[in-house]
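Reviewing the structure listed below.
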Amino acid sequence: MSLLEINDLHVEFRLDAGTVEPVNGVSLSVEAGQTLAVVGESGSGKTATALSILRLHPTPPCHYTGGEILAGGRDLLKLPEREMRRIRGNEIAMVFQDPMTSLNPLKTVGAQIAESLRLHQGMSRSEARAQAVPALREVGIPNPEQRAGEYPHQFSGGMRQRVMIAIALACRPKILIADEPTTALDVTVQAQIMELLAALQERFGMAIVLITHDLGVVARSADQVLVMYGGRPVELAAVDDLFDAPRMPYTKALLRSMPRSDVPGGAPLDPIPGSPPNLFAPPGGCAFHPRCSLAVPECATEVPPLLERAPGHSAACLLEGSP
Amino acid sequence: MAEPLLSLRHVRKEFSSKVVAVDDVSFDVHPGETLGLVGESGCGKTTLTRLVLRLVEASAGEIWFDGRELLGLRQKELLAVREDMQVVLQDPYASLNPRMRVGEIVAEPLVTHGRVRRRSAAARERVAELLDAVGLEAGSEDRFPHEFSGGQRQRIGIARALALEPKLVICDEPVSALDVSIQAQIVNLMKRLQAERGLTYLFVSHDLSIMRQIATRVAVMNLGRIVELAGTETLFTAPRHPYTHSLLSAAPVADPKVERTRRRIVLKGDPPSPADPPSGCSFHTRCPAARAECAATRPQLAPQDDSGHTAACLFPVSDVAALT
Ligand SMILES: Nc1ncnc2c1ncn2[C@@H]1O[C@H](COP(=O)(O)OP(=O)(O)OP(=O)(O)O)[C@@H](O)[C@H]1O
Ligand SMILES: Nc1ncnc2c1ncn2[C@@H]1O[C@H](COP(=O)(O)OP(=O)(O)OP(=O)(O)O)[C@@H](O)[C@H]1O
Ligand code: SF4
Ligand code: SF4
Ligand SMILES: [Mg+2]
Ligand SMILES: [Mg+2]
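From first to last, the protein sequence lines are chains X and V. Letter by letter, the first sequence follows residues 1 to 323 in UniProt numbering. Letter by letter, the second sequence follows residues 1 to 324 in UniProt numbering.
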């Protein structure tokens, strides 16, 4: 059963410079114990999608213009802000790329975990304090008794990310949204954090929405993958299907263009020409058409719908035909 | 073999008595090759490039470039040498003056070094040729940097670096800020320009997949030292240093089947602070193969075969299984 289901979500930012629609018809669902990766290049709408789930965008300039976000039997877009506050950090938690911007530099790490527990779980001060140390131990921080009394700047980047994960998981959320949780980290530390998230997921069974631009990270951690391009979902499949038999030309081109560390060098790489779309002036029709080697004239005018083309495998491309 | 274009001998840089950013580094870069420098954040890659450019002064050692020792040169002599040594940086946004037109940006080094006069016909001609060489359309010279995408801005940076026809181009993470689909464009461009113009690259990246596609040889750095150096294919398929094994094993590969089946080394603990480096082998606090000696003895780079493959480890490892 899906813990989180998004149907045809539309989000707009109405800015002085114009209106952008960074989330344009996104649908996805995640089940308990499973990881859905949302992958795409810079500006494709990954973070905008992630923040929408918890309604964290400031309104205005943000407007949720359509669709639904179903979790725990209700539509989060219809809840009053007061109830959303109860869901954030409790039922659905989030981890960001840069732990330094989400941690308070003036408070000890233990106090920040305790604060989150008091706020979300209504624990007493002493109960929450007592929980902080085991929460740090759970995420593999050595000497948790001592480290709980230290400040964020005394932690390395990897250890800070562990603290963020400890805070996010302290209330045992059913859903964890992780936006590029390892992008700022060195590769050996990234491997440690990915291993930690996998172990915690195994133990607590939460659903994870993993936002990343790195197809290597997708291959290592995801069960399902949603590919985004220019604010639109363009392909959704089980991880093996996506890598073995991609259907949307952008996904295919992206996989071909990737330099790989497990393949000898020598041959020229196979880049995608041009650059990703500017959302202030998106191309008409299929947003990929100016770069697509297979484009036909209709691609410039018709938006291809994301439709199921094989069991569990959806793609948005006019060449796949329409029903 | 031809004389190396660039040779470092026992180069050291201390920022304070505690932080030794570059520690006893020696290597050669041969004409026409790409020497890759890979390692994690803070290991000293950028400092090493800045030492070669003499943007920071070395604490000890020698740097030979094209037959001259750089560290002893005076500023005026250095200016002449610097014509042959150009740089491409990570952030194309920060390294281009936003108020200058692209034509002026690319012509700037030519004007500074007295090769052409500003706004002369010769300058315009040379700029047009350079922009064409890096794949920017005619007319780009009249536009400003903000009118270009990240990948195009990196092309502008490369055109500027090539203006003086340098022998050596030092590239510090030139594609790290770019989207995946654009990285391949720039890597291909740099390889083509190297072949056409006989360029030599010192190429810094933390990204192993980029390294494997562009480097002729790769030097792996850890905490200010080179711990392994080998031909690219050797380094990727037959590494000997446990740190190199760990880096390769940690880097995710875009293939779920490979990811599910490969043996992975997950290091214990945190990377040590550069201000408080471990005794002996700087990797011993995290090394899965460490023995008691490793904390006491600092390993030196030693040949692993007769191909020039060297590694600094007391107990080199061939089989990754020994580390998992
Ligand atoms: N608060 C905001 N105000 C205005 N525009 C925004 C805002 N947030 C995002 N955007 C725009 O929405 C688009 C999608 O941005 P988003 O941050 O979701 O991309 P992303 O896929 O997460 O990219 P990255 O990989 O760079 O993090 C971009 O064009 C961005 O400029
Ligand atoms: N100007 C400086 N003053 C003091 N310390 C410095 C200075 N520049 C660099 N360092 C220190 O020297 C070490 C090496 O830094 P350097 O920038 O060369 O690393 P790097 O390998 O390029 O890392 P990254 O991958 O993050 O760019 C670090 O510990 C850094 O903090
Ligand atoms: S719809 Fe047209 S432009 Fe878009 S991916 Fe398919 S073929 Fe290419
Ligand atoms: S010298 Fe010892 S600690 Fe260092 S890499 Fe070799 S085995 Fe590991
Ligand atoms: Mg983002
Ligand atoms: Mg650097």
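Even glycine gets a Cβ: it sits at the ideal position worked out from N, Cα and C.
Limits of the unbroken alpha helix (DSSP H) element including residue i
i: I165 (chain X); result: 157-170
i: residue 330 (chain V); result: Residue coverage of chain V in this structure runs from 1 to 324, which leaves residue 330 (chain V) outside it and unanswerable.
i: I193 (chain X); result: 187-204
i: V38 (chain V); result: Note, V38 (chain V): premise wrong, no alpha helix (DSSP H); beta strand (DSSP E) at 34-38.
i: A315 (chain X); result: That residue, A315 (chain X), is in no alpha helix (DSSP H); its beta strand (DSSP E) goes 313-315.
Start-to-end residues for the beta strand (DSSP E) that takes in residue i
i: K191 (chain V); result: K191 (chain V) -> not in any beta strand (DSSP E); alpha helix (DSSP H) instead, spanning 180-197.
i: G25 (chain X); result: 18-31
i: I158 (chain V); result: Per DSSP, I158 (chain V) belongs to no beta strand (DSSP E); it is in the alpha helix (DSSP H), 150-162.
i: Y64 (chain X); result: 62-71
i: A93 (chain X); result: 92-95
i: T10 (chain V); result: It is His, not Thr, that sits at residue 10 (chain V) in the sequence shown. It spans 6-14 - the beta strand (DSSP E) in which H10 (chain V) sits, taken as one unbroken run.
i: S205 (chain V); result: 200-205
i: T212 (chain X); result: 207-212
i: T46 (chain V); result: Not the beta strand (DSSP E): T46 (chain V) falls in the alpha helix (DSSP H), residues 45-52.
Simplified DSSP state of residue i, which is helix, strand or coil
i: D23 (chain V); result: strand
i: I226 (chain V); result: strand
i: F315 (chain V); result: coil
i: M221 (chain V); result: strand
i: P152 (chain X); result: helix
i: S249 (chain V); result: helix
i: M100 (chain X); result: helix
i: H10 (chain X); result: strand
i: V258 (chain V); result: helix
i: S2 (chain X); result: strand
i: V109 (chain X); result: helix
i: D241 (chain X); result: helix
i: A37 (chain X); result: strand
i: E62 (chain V); result: strand
i: D179 (chain X); result: strand
i: E141 (chain V); result: helix
i: C294 (chain V); result: helix
i: Q86 (chain V); result: strand
i: R264 (chain V); result: coil
Beta-carbon neighbours of residue i, restricted to chain V and to distances below 9 Å
i: A191 (chain X); result: S246, S249, A250, A251, P252, R264, I265, V266, L267
i: F243 (chain X); result: A254, D255, P256, K257
i: M248 (chain X); result: Residues of chain V passing the Cβ test: none, with the nearest at roughly 14 Å.
i: G158 (chain X); result: D270, P271
For residue j and residue i, believed in contact at Cβ under 8 Å, the rounded distance
i: P145 (chain V); j: P174 (chain V); result: That pair is no contact at about 16 Å.
i: K174 (chain X); j: A207 (chain X); result: 7 Å
i: R126 (chain V); j: V134 (chain V); result: The Cβ separation is near 13 Å, so there is no contact.
i: I156 (chain V); j: I105 (chain V); result: 6 Å
i: T49 (chain V); j: I170 (chain V); result: 5 Å
i: Q90 (chain V); j: A177 (chain V); result: 6 Å
Cβ-heavy atom distance, residue i to ligand 6, below 7 Å
i: K45 (chain V); result: yes
i: D172 (chain V); result: yes
Heavy atom of ligand 2 within 7 Å of residue i beta-carbon
i: A219 (chain V); result: no
i: V19 (chain V); result: yes
i: S41 (chain V); result: yes
Residue i beta carbon near ligand 5 (any heavy atom closer than 7 Å)
i: E180 (chain X); result: yes
i: K191 (chain V); result: no
i: T212 (chain X); result: no
Proximal chain X residues relative to residue i, where beta-carbon distance stays under 8 Å
i: T232 (chain V); result: G265
i: V258 (chain V); result: A219, D262
i: A184 (chain V); result: S257, M258, P259, L269, D270, P271, I272
Near ligand 4: residue i beta-carbon under 7 Å from a heavy atom
i: P299 (chain V); result: yes
i: H284 (chain V); result: yes
i: C286 (chain X); result: no
i: H241 (chain V); result: yes
Contact list for residue i against chain V, beta-carbon separation under 8 Å
i: E41 (chain X); result: D179, V180, S181
i: M84 (chain X); result: Simply none; closest approach about 33 Å.
i: L254 (chain X); result: V180, S181
Proximal residues of chain X, C-beta to C-beta of residue i below 9 Å
i: R240 (chain V); result: Here the premise fails: no neighbours, minimum Cβ distance about 18 Å.
i: S209 (chain V); result: G216, M258, P259, R260, S261, D262, V263
Proximal chain X residues relative to residue i, where beta-carbon distance stays under 7 Å
i: V218 (chain V); result: Correct list: empty, because the minimum Cβ distance to chain X is about 10 Å.
i: S149 (chain V); result: S275
i: S307 (chain V); result: Here the premise fails: no neighbours, minimum Cβ distance about 16 Å.
Ligand 8 heavy atom lying under 7 Å from the CB of residue i
i: V296 (chain X); result: The model on display carries ligand 1, ligand 2, ligand 3, ligand 4, ligand 5 and ligand 6 but not ligand 8.
Closer than 7 Å: residue i CB and nearest ligand 1 heavy atom
i: A254 (chain V); result: no
heavy atom of ligand 3 below 7 Å from residue i C-beta
i: residue 411 (chain X); result: The shown model of chain X, from 1 to 323, leaves out residue 411 (chain X), and the question about it has no answer.
i: L319 (chain X); result: yes
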